[in-house]
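Residues 1452 to 1702, numbered by the numbering used here, are exactly what the sequence shown covers, in order. C-beta atoms are modelled at their ideal positions from N, C-alpha and C, and glycine is treated no differently. A quick note: this is a predicted structure, and the numbers were derived from the prediction, not measured.
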Amino acid sequence: MRTPIIAGNWKMNKNPQETQDFLDSIKGKLPDPSQVESVIAAPAIDLNALVWFSKDEPLKTAAENCYFEDEGAFTGETSPKALSEMGLNYVVIGHSERRDYFHETDEDINKKAKAIFKNNMLPIICCGESLETREAGKEVEWVVGQIKAALNGLTADQVSKSVIAYEPIWAIGTGKTASADQAQEMCHEIREAVKNLYDEQTAENVRIQYGGSVKPANVEELMSKEDIDGGLVGGASMDPESFLQLVNYKN
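Next comes the structure, spelled out in structure tokens:
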């Protein structure tokens, strides 16, 4: 049975003091991690506070990005080795904002996934189509292509431990949400792609999130779908009360 995983993605928001205030507000209120895994992905300047907090609370921590080399003359990049040494659990890679604004390629994302595993962390691999791609009827082809590229060269065991986040670009930060049925349809296609690339057991093990204007009002319906194992949540994760409603959706 796959453990549900709700991950907040703060993007470029919150300073260290605001992070500490948020953490103080959720202390002692997170669900049992065997029931729902709670994760926060925060800017690099906030990660130290998250890691210290997670030592005493059932919160998993994630960086929002990393480079694919451990060290070197890469000014402004974040070392996966350093993130691992800090105690991070996950790294989000392939988010549409990284692809669109910073021109990251499928090859970059694949190299990052390998670097993350090399450093004993797990990737949250994002994928998703634009409105134009969906309207052209090519959304499945597009998303499956992203998945194949991102997983290239990874072992079945590595993929089993990975998290894949399906985020239709047209639903990120727009207030629009794919219907629960639309989200389920694509998450099923992703699971089928993993099955075809590896095997049925790997496909059953990998956790697939939906992201795109997930909020307390729709999380329960989304999580009721067979192939949706969690949410990658933007704006609704930045308020502590809203985040708690999301991770405690079962209660």
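| query | According to the Cβ coordinates, are N1460 and G1663 closer than 9 Å? | reply | no
| request: Assuming A1607 and D1557 form a contact by the criterion Cβ under 8 Å, report the distance between their Cβ atoms to the nearest whole angstrom. | output: About 20 Å; that fails the 8 Å criterion.
| task | Would you kindly report the start and end of the unbroken beta strand (DSSP E) that includes I1457? | result | 1456-1460
| Are the CB atoms of L1648 and K1589 nearer to each other than 9 Å? | no
| query | Taking the DSSP output, what are the residues bridged to A1493? | reply | A1514
| C-alpha gap between V1614 and F1504, whole angstroms | 23 Å
| query | Is D1483 buried or exposed, if buried means 16 or more other CB atoms sit within 10 Å of its CB? | reply | With a threshold of 16 other beta carbon atoms within 10 Å, D1483 falls short and is exposed.
| query | Do you know how far the Cα of E1555 is from the Cα of C1638? | reply | 23 Å
| query | Whole-angstrom Cβ separation of I1544 and N1516, contact assumed at under 8 Å? | reply | So it is a contact: roughly 7 Å between Cβ atoms.
| query | Mind checking I1496: buried by the 16 CB within 10 Å criterion, or exposed? | reply | exposed
| request: Could you say which of Q1660, N1699, S1688, Q1471 lies nearest to R1453 if we only look at CA atoms? | output: R1453 has its Cα closest to that of Q1660, out of Q1660, N1699, S1688, Q1471.
| query | Do you know how far the Cα of L1673 is from the Cα of I1679? | reply | Their backbone Cα atoms lie some 7 Å apart in a straight line.
| query | Going by beta carbon distance, what residues of the same chain come within less than 8 Å of R1585, once the five residues before and after it are set aside? | reply | Within the same chain, P1619, W1621 come within 8 Å of R1585 by CB-CB distance, once the 5 residues on both sides are set aside.
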